[in-house]
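Heads up, the final residue of the sequence shown is numbered 290 in UniProt numbering, and it's a clean run with no missing numbers.
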Amino acid sequence: MIQSMTGFGKSVVQLPTKKITIEIKSLNSKSLDLNARLPSTYREKELEMRKIIANAMVRGKIDFNLYVENTGAESQSVINVDVVKQYMTQLGAIVTDNCRDGDELRLLDMAVRLPDALKTEREDIDEEEFKTILETLQKALKEINIFRVEEGQMMERDFLERIGNLKNLLVKVEEMDVGRLSAVRERLEKAVDDLKVNIDANRFEQELIYYLEKYDITEEKVRLANHLQYFISTLKSRDSNGKKLGFISQEMGREINTIGSKANDAPMQQLVVQMKDELEKIKEQMLNVL
Numbered sequence: 001m002i003q004s005m006t007g008f009g010k011s012v013v014q015l016p017t018k019k020i021t022i023e024i025k026s027l028n029s030k031s032l033d034l035n036a037r038l039p040s041t042y043r044e045k046e047l048e049m050r051k052i053i054a055n056a057m058v059r060g061k062i063d064f065n066l067y068v069e070n071t072g073a074e075s076q077s078v079i080n081v082d083v084v085k086q087y088m089t090q091l092g093a094i095v096t097d098n099c100r101d102g103d104e105l106r107l108l109d110m111a112v113r114l115p116d117a118l119k120t121e122r123e124d125i126d127e128e129e130f131k132t133i134l135e136t137l138q139k140a141l142k143e144i145n146i147f148r149v150e151e152g153q154m155m156e157r158d159f160l161e162r163i164g165n166l167k168n169l170l171v172k173v174e175e176m177d178v179g180r181l182s183a184v185r186e187r188l189e190k191a192v193d194d195l196k197v198n199i200d201a202n203r204f205e206q207e208l209i210y211y212l213e214k215y216d217i218t219e220e221k222v223r224l225a226n227h228l229q230y231f232i233s234t235l236k237s238r239d240s241n242g243k244k245l246g247f248i249s250q251e252m253g254r255e256i257n258t259i260g261s262k263a264n265d266a267p268m269q270q271l272v273v274q275m276k277d278e279l280e281k282i283k284e285q286m287l288n289v290l
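Next comes the structure, spelled out in structure tokens:
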């Protein structure tokens with residue numbers, strides 16, 4: 001069962017004094033590219049959370065966001081008195097001697113807005129709280145993986161439809177190929193007759209056989225049919241393997257291109273163009289398969 005690399009998961013938990021929100025978004029990428037945004041308090045736990053996400057997501061461009069909203073009455077921010085006093089002294093030196101009433105309050109208002117006027121006491125991570133955060137993370141990962149599976153199912157239906165179209169086109173190529181070499185042989189023999197020259201019949205027959213062998217597409221048809229069936233079986237396998245499916249689609253492309261170059265027949269080449277179009281749509285979707 002294939003999975004998409006695109007997905008979104010979100011989980012929220014309300015603690016006595018905090019609201020924890022975890023969001024995970026993923027897009028397609030050739031490898032795992034994890035970007036984490038979380039409060040500085042939880043930085044020491046970042047590697048542990050990264051490992052959990054990497055094991056669950058495997059591949060893709062992942063954005064992991066941890067938001068913490070304090071909902072309790074307590075506040076960790078306090079006024080840095082010494083810094084504010086220094087700001088007010090410096091601001092007061094700028095003001096003229098003719099200070100009006102209320103200027104001191106305005107200076108205070110300006111001072112508390114300047115850098116480092118407020119300081120935040122570092123809060124140690126409570127282990128029970130972090131355990132709850134990990135549980136919330138697992139819920140968000142479960143949600144995004146459900147999203148990936150559901151989108152993967154839609155992609156699988158599209159792939160099966162495209163592979164079915166390729167199979168039908170291959171059947172038409174096989175039907176058309178029955179009399180193709182005979183027609184090529186007739187055209188060559190007629191061309192030689194039109195030259196009205198004497199030729200060695202045996203030598204001509206040998207060259208003709210060699211020439212027709214170059215246009216034989218029997219092996220390409222067999223290999224393409226095998227690749228199509230292998231693609232379906234891989235699609236139905238237990239694990240999602242977008243890279244493997246990508247390699248199979250590359251092999252299908254090689255066989256289709258070879259059939260087109262050997263066709264020497266306009267109607268068959270038109271079928272090849274249709275096959276290339278179907279395969280290109282498969283490759284576009286393949287970029288998003290996990």
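Even for Gly, the Cβ is constructed at its ideal location relative to N, Cα and C.
Cutting at 6 Å between CB atoms, please list the residues of its own chain near residue i, excluding the five before and the five after it.
i	result
Ser-233	none
Ser-11	Ile-22, Thr-136, Lys-139, Ala-140
Gln-274	Leu-169
Gly-246	Met-286
Pro-39	Val-68
residue 303	For residue 303 there is no data in the structure shown, the boundaries of the chain being 1 and 290.
Leu-114	Tyr-87
Between which two residues does the alpha helix (DSSP H) holding residue i run?
i	result
Asn-288	Careful: Asn-288 lies outside any alpha helix (DSSP H) and carries neither H nor E.
Asn-165	127-177
Leu-224	218-235
Lys-51	46-57
Identify whether residue i lies in helix, strand or coil by the three-state DSSP scheme.
i	result
Asp-265	coil
residue 291	Because the chain in this structure spans residues 1 to 290, residue 291 falls outside the shown range and cannot be described.
Ile-79	strand
Following the continuous beta strand (DSSP E) through residue i, name the residue where it begins and the one where it ends.
i	result
Gly-9	7-14
Val-68	60-70
Ile-24	18-27
Arg-37	32-37
Keeping to the same chain, check which residues put their C-beta closer than 7 Å to that of residue i; ignore five residues upstream and five downstream.
i	result
Arg-50	Leu-34, Ala-36
Val-13	Ile-20, Thr-132, Thr-136
Asp-158	Gln-285
Glu-156	Ile-2, Leu-235
Tyr-230	Ile-248
Ala-54	Leu-32, Leu-34
Glu-174	Lys-221
Lys-45	Ile-125, Phe-130
Identify, in the order they occur along the chain, each residue of the same chain with its Cβ nearer than 8 Å to the Cβ of residue i, setting aside the five sequence neighbours on each side.
i	result
Lys-18	Val-68, Glu-69, Asn-70, Thr-71, Gly-72, Glu-129
Ser-26	Met-5, Thr-6, Gly-7, Phe-8, Met-57, Gly-60, Lys-61, Ile-62, Asp-63, Ile-144, Arg-148
Lys-244	Thr-234
Lys-262	Lys-214, Tyr-215, Asp-216, Ile-217, Glu-220
residue 294	It is not possible to answer for residue 294, since the shown part of the chain is limited to 1 through 290.
Met-176	Asp-265, Pro-267, Met-268, Leu-271
Check your understanding: Using 8 Å as the threshold, is the region 270-282 in touch with the region 161-172, meaning 3 or more CB pairs across them?
Key -> Contact holds between the region 270-282 and the region 161-172, because three or more Cβ pairs, one in each stretch, are under 8 Å apart.
Check your understanding: For the 8 Å Cβ check, are there 3 or more pairs between the region 221-228 and the region 260-269?
Key -> Contact between the region 221-228 and the region 260-269 is absent, with fewer than three C-beta pairs closer than 8 Å.
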